[in-house]
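In UniProt numbering, the protein residues as written are 1 to 320.
Shown next, in structure tokens, is the structure this report addresses.
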Amino acid sequence: MKKIILSLMIILSFSFFGCTSKSGNEAIVDTEVVIEDQEEESQETSNVVVEEKKDLLTSIDKVVEDVVGDYRDNVSIYFKNLNTDEEYILNDDTYYVAASTTKVPLAMMILDKVNSGMLSLDDTISYIEADYEEGTGSLAYSEPIPDITINEALYLSIVESDNIAKNMLTRISRSSVTDYTRSITGYSDIPYGNYTTARQFGIMLEKLYKNPDNNPYYEKLLNYMTRTIFHSGLDKYLDYSKVAHKIGTYYRYYHDVGIVYGADPYILVVLTKDIGELGGDLNSDSDEDIYLLDWGDEAFEMIAELSKGIYGAVEISKDI
């Protein structure tokens, strides 16, 4: 009887441990299946992200196609991601009248002279009659026009786009902005008379952002560009504090150029001509005889929509 009981206990013992072992193995197998499924899902997600990142320039091209439409020949665009060096280019070597965008390289040239000790931000500039020019800015409405410091002139020329301040800076610089731009961009054939291409301006902005000579005053210029009073272009649909930019307008030309601090910082230069219905002497060869009937509203809205779309494309490309 004892032998029978002992045999039964042994059999039950093996049965118990056998069941335990099987149950444990099933749990391990189930865990492995879950891990494999998770790895597959992770790999699929990773592939989607990689595809989105790789497709940034295609996304930008789609934005340009949707926004620019039939005006493709009237717009030049230069985009550069300052972290990845990815570039998007449209008609980037077409020359335009730079208008007030030239105040950025002028300010850079002045600040280079300040950094070298040739000028000081506290130096005073006395107004002379030759400095007068109509346009935006508060100096034209001052009576009399006061003496101002170089720092004040820089602020007015960038934040308010004051033409008198710009002329005062040009006069005391004793240098040509065209020559300065040629030296920075490497384009020795840039015509005199305030002309630029999207690519050339992009190179200027890259120098301003990367600051290879460690000019401590460049940050001041970027700050002034962020504080501009003009918000109809690159920053219209964005957080103003994320866009350091400068507009330019001249009859049929409407531009906005700047650096956008998005998920990746990037340069965006948009130069336009003849966006919208024209008025004036349409048979004239002079830009001054022909103007846009809406005074650039359609052009700036196009720039704003491009900026919004490109900002979104960059954000998605970094959305991990």
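Built from N, CA and C at the ideal position, the CB exists for glycine as well.
Straight-line gap, residue i to residue j (C-alpha atoms, nearest Å)
i: D274; j: G117; result: 43 Å
i: I203; j: K210; result: 10 Å
i: L119; j: I148; result: 14 Å
i: L222; j: E160; result: 14 Å
i: D264; j: E315; result: 8 Å
i: K113; j: E65; result: 42 Å
i: D73; j: L154; result: 34 Å
i: E298; j: Y71; result: 11 Å
i: D85; j: T124; result: 40 Å
i: K220; j: V104; result: 12 Å
i: L156; j: S175; result: 20 Å
i: I77; j: I158; result: 22 Å
i: Y240; j: K318; result: 21 Å
i: D287; j: I89; result: 26 Å
i: L205; j: E87; result: 14 Å
i: S142; j: Y132; result: 11 Å
i: E129; j: G135; result: 15 Å
i: G69; j: G296; result: 17 Å
i: D179; j: D213; result: 19 Å
i: L282; j: E152; result: 40 Å
i: F300; j: K308; result: 12 Å
Under 8 Å between C-beta atoms of residue i and residue j
i: V97; j: Y250; result: yes
i: I310; j: L268; result: yes
i: E305; j: V75; result: no
i: M225; j: H255; result: no
i: L121; j: I150; result: yes
i: S173; j: I110; result: yes
i: Y266; j: N115; result: no
i: I247; j: S100; result: yes
i: T197; j: D93; result: yes
i: R182; j: I190; result: yes
Close beta carbons around residue i, own chain, < 8 Å, minus the five adjacent residues each side
i: T170; result: L106, V177
i: S138; result: L156, E160, D162
i: Y218; result: M108, L111, L208, N211
i: P216; result: N115
i: Y192; result: S176, T178
Own chain residues within Cβ distance below 7 Å of residue i, not counting five before or after
i: A313; result: L56, S59, I60, V63
i: T102; result: V177, N194
i: S284; result: I290
i: A140; result: E134, I164
Supposed contact pair residue j and residue i - C-beta distance, whole angstroms, cut 8 Å
i: Y195; j: Y95; result: 5 Å
i: L208; j: M108; result: 6 Å
Neighbourhood of residue i by C-beta distance below 6 Å, restricted to the same chain and skipping five residues each side
i: F201; result: V257, V269
i: V243; result: L234, D235, G258, V260
i: N91; result: S76
i: N83; result: D264
Any C-beta of chain D under 8 Å from that of residue i
i: L282; result: No chain D is part of this structure, which consists of one protein chain only.
Does the segment 278-291 touch the segment 213-231, meaning 3 or more C-beta pairs lie closer than 8 Å? With the cut-off at 8 Å, the segment 213-231 and the segment 278-291 do not touch.
Touch check for the segment 243-257 and the segment 284-293: three-plus C-beta pairs under 8 Å? Proximity of the segment 243-257 to the segment 284-293 meets the contact definition, three or more beta-carbon pairs being nearer than 8 Å.
message = Three or more C-beta pairs under 8 Å: does that hold for the segment 151-167 against the segment 233-241?
response = At 8 Å Cβ cutoff, the stretches do not touch.
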